[in-house]
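The structure appears right after this line, and notes come after that.
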Amino acid sequence: TPTITADGRIYLELDVKKDDLTGFINVPNGGQVPEISTRQVQTGVLLDNGQTVVLGGITDVTKSNTVTKVPLLGDIPGLGALFRTTSRINSKDELLIFVTPRILNDGLK
Numbered sequence: 001t002p003t004i005t006a007d008g009r010i011y012l013e014l015d016v017k018k019d020d021l022t023g024f025i026n027v028p029n030g031g032q033v034p035e036i037s038t039r040q041v042q043t044g045v046l047l048d049n050g051q052t053v054v055l056g057g058i059t060d061v062t063k064s065n066t067v068t069k070v071p072l073l074g075d076i077p078g079l080g081a082l083f084r085t086t087s088r089i090n091s092k093d094e095l096l097i098f099v100t101p102r103i104l105n106d107g108l109k
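Under UniProt numbering, the residue at position 84 of the sequence shown is numbered 84, and the numbers go up by one with no gaps.
Below, the structure written as structure tokens:
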């Protein structure tokens with residue numbers, strides 16, 4: 001909830017959550033429930049009217065290895081390397097949130 005201070009500035013309490021589905025957990029009665037990873041940033045900021053704040057710090061790091069090969073030929077010791085490729089991908093993503101509060105005057109006095 002935003003609060004306007006006596007000097008016309010804006011105080012905001014911000015709470016940002018990012019949930020990711022990481023898999024499923026088996027439960028005793030035979031079903032599955034989702035497993036969720038939650039990351040959260042909480043902060044309070046004091047801003048002038050129209051000023052922008054940037055929230056960051058929620059990152060995702062992904063590493064993957066992929067092997068593509070010709071069936072049978074890619075499995076031959078020694079020669080198999082000629083018939084397969086290995087791709088390694090490392091990526092890092094960061095969630096940035098830009099917040100710009102503005103005080104709207106409704107014309108009533």
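No residue lacks a Cβ here, since even glycine has one placed at the ideal position from N, Cα and C. A quick note: this is a predicted structure, and the numbers were derived from the prediction, not measured.
Nearest-angstrom Cα distance between G50 and T68? Within the sequence shown, numbered from 1, the residue matching residue 50 stands at position 50. Within the sequence shown, numbered from 1, the residue matching residue 68 stands at position 68. Distance between the alpha carbons of G50 and T68 is about 52 angstroms.
Helix or strand or just coil, what does DSSP make of residue 146? What the structure shows of the chain is the stretch from 1 to 109, and residue 146 is not part of that stretch, so it cannot be assessed.
Could you give the residue range of the beta strand (DSSP E) that holds residue 119? Residue 119 is absent from the structure shown; the chain starts at 1 and stops at 109.
Given V61, which residues of its chain have a CB within under 7 angstroms of its CB, disregarding the five upstream and five downstream residues? Mapped onto the sequence shown, residue 61 falls at position 61. Exclusion of the five residues before and after V61 leaves K92 as the residues of its chain whose Cβ lies within less than 7 angstroms of its Cβ.
Compute the distance between the beta-carbons of V41 and G57, then report whether it is under 9 angstroms. The residue labelled residue 41 in the question sits at position 41 within the sequence shown. The residue labelled residue 57 in the question sits at position 57 within the sequence shown. A contact, by the Cβ cut-off of 9 angstroms.
Roughly how many angstroms lie between the CA atoms of G23 and G31, to the nearest whole one? Start at 1 with the first residue of the sequence shown, and residue 23 comes out as number 23. Start at 1 with the first residue of the sequence shown, and residue 31 comes out as number 31. Within the model, the alpha-carbon separation for G23 versus G31 is close to 13 angstroms.
Can you tell me whether DSSP reads D75 as helix, strand or coil? Residue mapping note: residue 75 aligns to position 75 of the sequence shown, counting from 1. In the structure shown, D75 sits in a helix (DSSP, three-state: H, G or I).
Inter-residue CB distance, R39 and K18 (contact presumed, cutoff 8 angstroms): Here residue 39 corresponds to residue number 39 of the sequence shown, with the count starting at 1. Here residue 18 corresponds to residue number 18 of the sequence shown, with the count starting at 1. Contact holds; Cβ gap of about 5 angstroms.
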